[in-house]
Ligand code: SAM
Ligand code: SF4
């Protein structure tokens, strides 16, 4: 049964998800199987990879035992993410023994970080392909079929895959990710992304709008514009066509104008870059969801400085205040790291007090995992014992649980405009969808004319920590 998981930026439930197309695999074609790990960008990239492979004669399968090619699109953000992939690879060893012609490829951030070392370390791997080299996959597969290992981890300053129409896999047919930029120019000291995904580059606005228009024409009703730092989206003015530069605020407005029935979300915003202009565009268009993922990482200015986040606690709080002033009731979410180098109990208390102030609807919370090659690894000692990192994480999680439940309870008695994404997980007598502020809403089916992709006004009558329940309003 359909599950409501697509619009989360990093979703534990989706880690290792195998993609499948709705159409049946053509038996005469070679079949590939792809699993994705990590953030939404990786899941979106797998749809680009699927498009490249399907245009080159492959069909997709959801069963790795029947595949000719197994691909893992990997994440390097924390050590645990890499260990999960290593463990998964060992499970393919047996299949490869039984089917020696089977190729196994590693894509994404781990491929970029480890390069050909991967092939030395994991003998069963035939292909290692970095995030900017997916166009070369068909050629690399041919090489690997002839017995050579295929490796391409070149990073690019231009590649955006803007001209490739992603194949929507495992789609609910209502919500979709649209990648608007790649890479990252920020140098947060804990983060491996600038090294694995390269320099920041923005995708041409016309191809983004075209993708959103096509999605809408095909019945999709929500797009999430994706980038590591969407607020620094910028395409330059073109002297040849006279077109002006496009900022993120301009792009958001263009996407909002595709149709008032197309909901628009975006992720991730960096606190240093989100502008009033963006907030005013959000205010102007009802179909831009009033929800901002604004990761803070820590509540302590001293730690933020060491993390190279380039803002202080006070600056972050002033951004939150500005959002609340321009967009009252706007939902907020964050990412948090506990136990970063030198973090004291006082720093940790500041994180907790900041969370109390911000009242996040959703938080992705982690304990610090030192990554090889990052600024923090080179500059600082990873000196907080794991049990302290974990204890602080538990405190952050416990506080967040209380706050998010309180946030859900505040919705009871209000009316939410829900975009229906499918049947509820538990019963096909109920619809499930999301409110504008990204909360899952479940309600009984009463009106026959409603279907996936319809909007419904729902009176919220009760809630759990993760779901709002309600009744459809007869209007
Ligand atoms: N670009 C986004 C931003 O700046 O907020 C986030 C990108 S990163 C893929 C997602 C989250 O992973 C980060 O916000 C951070 O909380 C977490 N993260 C990154 N590196 C980490 C590390 N070394 N240890 C623990 N968490 C980490
Ligand atoms: Fe990593 Fe910072 Fe870039 Fe986000 S903004 S991807 S945390 S370097």
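Numbering (the working numbering), first residue to last: 2 to 476.
For every residue, glycine included, the Cβ atom is placed at its ideal position computed from N, Cα and C.
All values derive from a computational prediction rather than experimental measurement.
Practice task
Take the Cβ of residue 195 as the centre, count every other Cβ of all protein chains shown within 10 Å, and call the residue buried at 16 or more, exposed below.
Solution key: buried
Problem - Any non-hydrogen atom of the ligand HEM closer than 7 Å to residue 43 Cβ - result: Of the ligands this structure carries, namely the ligand SAM and the ligand SF4, none is the ligand HEM.
Practice task
Note down, in chain order, each residue of its chain lying with its Cβ closer than 8 Å to the Cβ of residue 444, except the 5 sequence neighbours on either side.
Solution key: 419, 431, 432, 457, 459, 470, 471, 472 and 473
Problem - Stretch-stretch touch, CB-based, cutoff 8 Å, three pairs: the stretch 161-177 with the stretch 73-91 - result: no
Exercise for the section: Would you mind stating whether residue 410 and residue 361 have Cβ atoms separated by less than 8 Å? Expected result: no
Handout entry: Nearest residue (CA-CA) to residue 228, options 240, 252 and 392
Key = 252
Exercise for the section: Decide if the stretch 49-57 is in contact with the stretch 134-145; the criterion is three or more beta carbon pairs, one per stretch, under 8 Å apart. Expected result: yes
Practice task
Say yes only if the C-beta of residue 231 is nearer than 7 Å to one or more non-hydrogen atoms of the ligand SF4, and no if none qualify.
Solution key: no
Practice task
On a CA-only basis, which of 146, 277, 50 and 187 is nearest residue 324? Give me that one, please.
Solution key: 277
Exercise for the section: Could you round the C-beta distance between residue 442 and residue 417 to whole angstroms and report it? I think they count as a contact, below 8 Å. Expected result: 6 Å
Handout entry: Span separating the alpha-carbon of residue 209 from that of residue 177
Key = 12 Å
Exercise for the section: Determine, using beta carbons only, whether residue 271 and residue 187 come nearer to each other than 8 Å. Expected result: yes
Exercise for the section: Determine the DSSP secondary structure at residue 433, reduced to helix, strand or coil. Expected result: strand
Handout entry: Neighbour-count burial assignment, residue 46, 16 or more Cβ in a 10 Å radius
Key = buried
Practice task
Pull up the distance between the alpha-carbon of residue 393 and that of residue 351, whole angstroms please.
Solution key: 12 Å
Exercise for the section: Let me know if residue 149 comes out buried or exposed under the rule of 16 or more other beta-carbons within 10 Å of its beta-carbon. Expected result: exposed
Handout entry: Residues near residue 318 in its chain [Cβ-Cβ closer than 7 Å; skip 5 each side]
Key = 358
Practice task
Assuming residue 160 contacts residue 183 (C-beta within less than 8 Å), just tell me the rounded distance between them.
Solution key: 7 Å
Exercise for the section: Name the residue from 31, 246 and 243 whose alpha carbon lies nearest to the alpha carbon of residue 143. Expected result: 31
Practice task
Answer yes or no: does any C-beta atom of chain E fall closer than 8 Å to that of residue 179?
Solution key: The displayed structure is made up of one protein chain only, and chain E is not part of it.
Exercise for the section: State yes or no: is the C-beta of residue 372 nearer than 7 Å to some heavy atom of the ligand SAM? Expected result: yes
Handout entry: Ranges of the alpha helix (DSSP H) found wholly within the stretch 361-393, counting only runs of at least 4
Key = 376-380
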